[in-house]
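Enquirer:
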């Protein structure tokens with residue numbers, strides 16, 4: 011059987027539940043994102059990764075059955091995007107049983123868990139379709155605005171502290187209707203779901219996480235969405251790739267302009283640091299939550315000369331910056347464990 015071909019400006023994706031590829035082409039970006047934005051504004055997908063197959067579908071961090079995916083944003087909706095993990099596959103494929111992925115006919119089936127994803131696809135389903143919820147167009151606009159933010163504001167951080175963005179693509183879904191999607195670099199799993207989630211945790215990795223946030227701050231943005239509402243023990247929007255040992259930040263819907271006044275080196279401190287000394291509320295809250303700073307009542311604290319000197323300067327030096335510190339970084343507000 012001859013291998014199928016795909017135009018240079020198209021990609022082919024085998025979506026969940028399908029037995030053949032769906033061909034996608036770049037979208038035409040709307041006027042609201044600017045007339046100078048097109049498919050060439052984004053990183054190109056390598057030729058060897060233009061045939062893809064979904065390995066997992068997730069929403070709210072949970073796996074989503076195919077039958078539910080088909081009607082998502084038409085008959086039901088979510089507050090979070092549906093994300094498909096996809097792996098590169100050969101163009102000369104043969105469908106195999108449900109528990110496996112399409113592979114060349116000359117090779118044995120490959121289990122889903124044995125294929126490493128290369129991209130994450132954020133989906134807008136049933137675009138331009140009406141329904142009880144009819145949120146396809148809303149998700150299309152959200153993804154388009156996100157793509158513009160990556161292209162204009164996060165270009166220098168792509169592949170370093172945020173995923174590389176490969177633009178938006180569209181086509182006809184095997185279940186009918188138009189789909190659109192953002193194709194982004196796959197950057198691993200959620201680093202920590204909560205304070206007790208230690209699957210990936212280590213001090214060294216936590217330092218990479220906070221340094222990724224610091225990189226975002228240095229280009230003038232606060233993330234604003236790492237914690238679920240007011241429950242400071244529930245973390246979200248940062249990923250960790252164990253193979254590359256790299257941390258990445260995602261989802262910038264709550265971003266805000268930010269002049270970072272971080273006053274301490276990002277490292278492990280085996281002592282408590284008051285929030286008003288640290289200089290950056292977002293980094294302070296993360297450092298506390300990830301165990302880089304001891305709790306106020308910890309019994310295993312070790313004195314740190316840097317912290318002692320900073321406390322002395324704060325108390326004795328009239329020139330030490332104090333404006334707004336106590337109101338913005340009070341111990342109760344900035345310490346996620348203050349109620350313990």
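In our numbering, the protein residues as written are 11 to 350.
Don't be surprised by glycine CBs; every beta carbon is placed ideally from N, CA and C.
(1) Alpha carbon to alpha carbon, how far is residue 149 from residue 136?
(2) Just list the beta strand (DSSP E) runs in the region 163-205, keeping only unbroken ones of 3 residues or longer that don't cross its boundaries, in chain order.
(3) Assign residue 30 to one of three DSSP states: helix, strand, or coil.
(4) Taking just the CA atoms, how far does residue 224 sit from residue 313?
(5) By Cβ distance below 6 Å, which residues in the same chain neighbour residue 317 in space, the five residues on each side in sequence not counted?
(6) Residue 35 bridges to which residues according to DSSP?
(7) With the cut-off set at 8 Å, would you say residue 259 and residue 172 are in Cβ contact?
(8) At a threshold of 7 Å, does residue 282 count as lining the ligand COA (C-beta to nearest heavy atom)?
(9) Flag this pair as yes or no: are the beta carbons of residue 70 and residue 90 separated by less than 8 Å?
(10) The alpha helix (DSSP H) spanning residue 286 covers which residue range?
(11) Are residue 130 and residue 146 touching if we call contact CB-CB under 8 Å?
(12) Using the DSSP secondary-structure output, state which residues sit across from residue 66 in a beta bridge.
(13) Please report the straight-line C-alpha distance between residue 43 and residue 256, rounded to a whole angstrom.
(14) To the nearest angstrom, how far is it from the Cα of residue 83 to the Cα of residue 144?
(15) Output the boundary residues of the alpha helix (DSSP H) element that contains residue 221.
(16) If you count every other CB in all the chains shown that lies within 10 Å of the CB of residue 344, and 16 or more means buried, which is it?
(17) Can you tell me which of the three DSSP states residue 250 falls into?
(18) Short of 6 Å in beta carbon distance, which residues of its chain neighbour residue 20, apart from the five on each side in sequence? Order them along the chain.
(19) Give the DSSP-derived three-state secondary structure of residue 77 in the structure shown.
(20) Would residue 80 be called buried (16 or more neighbouring beta carbons within 10 Å of its own) or exposed?
(21) Which residues in the same chain have their Cβ closer than 8 Å to the Cβ of residue 153, if we skip the five residues on either side of it in sequence?
(22) Between which two residues does the alpha helix (DSSP H) containing residue 318 stretch?
(23) Could you tell me the distance, in whole angstroms, from the CA atom of residue 195 to the CA atom of residue 285?
(24) Do residue 249 and residue 201 have their CB atoms nearer than 8 Å?
(25) Kindly confirm or deny that the region 296-311 and the region 210-230 touch, where touching means at least three C-beta pairs closer than 8 Å.
(26) Decide if residue 341 is buried, meaning its Cβ has at least 16 other Cβ atoms within 10 Å, or exposed.
(27) Tell me which same chain residues have a C-beta within less than 7 Å of the C-beta of residue 333, skipping the five on either side of it?
(28) Specify the secondary structure class of residue 311 as computed by DSSP and reduced to three states.
(29) Under 8 Å by Cβ, that's how I've got residue 287 and residue 321 pegged, so tell me the actual separation to the nearest angstrom.
(30) Helix, strand or coil: how does DSSP classify residue 145 here?
(31) Compute the Euclidean distance between the alpha carbons of residue 228 and residue 267, then round it to the nearest angstrom.
Expert: According to the data block:
(1) 10 Å
(2) 175-182 and 188-195
(3) coil
(4) 25 Å
(5) 281 and 283
(6) 180
(7) yes
(8) Looking for the ligand COA in the displayed structure turns up nothing, as the structure carries no ligands at all.
(9) yes
(10) 285-288
(11) no
(12) 95
(13) 31 Å
(14) 6 Å
(15) 213-228
(16) Since pLDDT at residue 344 reaches only 37, below the 50 mark, its modelled position is unreliable, and the value read off the structure follows with that caveat. Buried, because 16 or more other Cβ atoms sit within 10 Å of the Cβ of residue 344.
(17) strand
(18) 33 and 35
(19) helix
(20) buried
(21) 91, 132, 134, 178, 190, 191 and 192
(22) 315-326
(23) 35 Å
(24) yes
(25) yes
(26) At residue 341, the pLDDT of 37 sits below 50, so the modelled position is not reliable; the number obtained from the coordinates is stated separately. Per the 10 Å Cβ criterion, exposed.
(27) Note on residue 333: pLDDT 41, under 50, position unreliable in the model; the coordinate value appears next. Correct list: empty, nothing qualifies.
(28) coil
(29) 7 Å
(30) coil
(31) 11 Å
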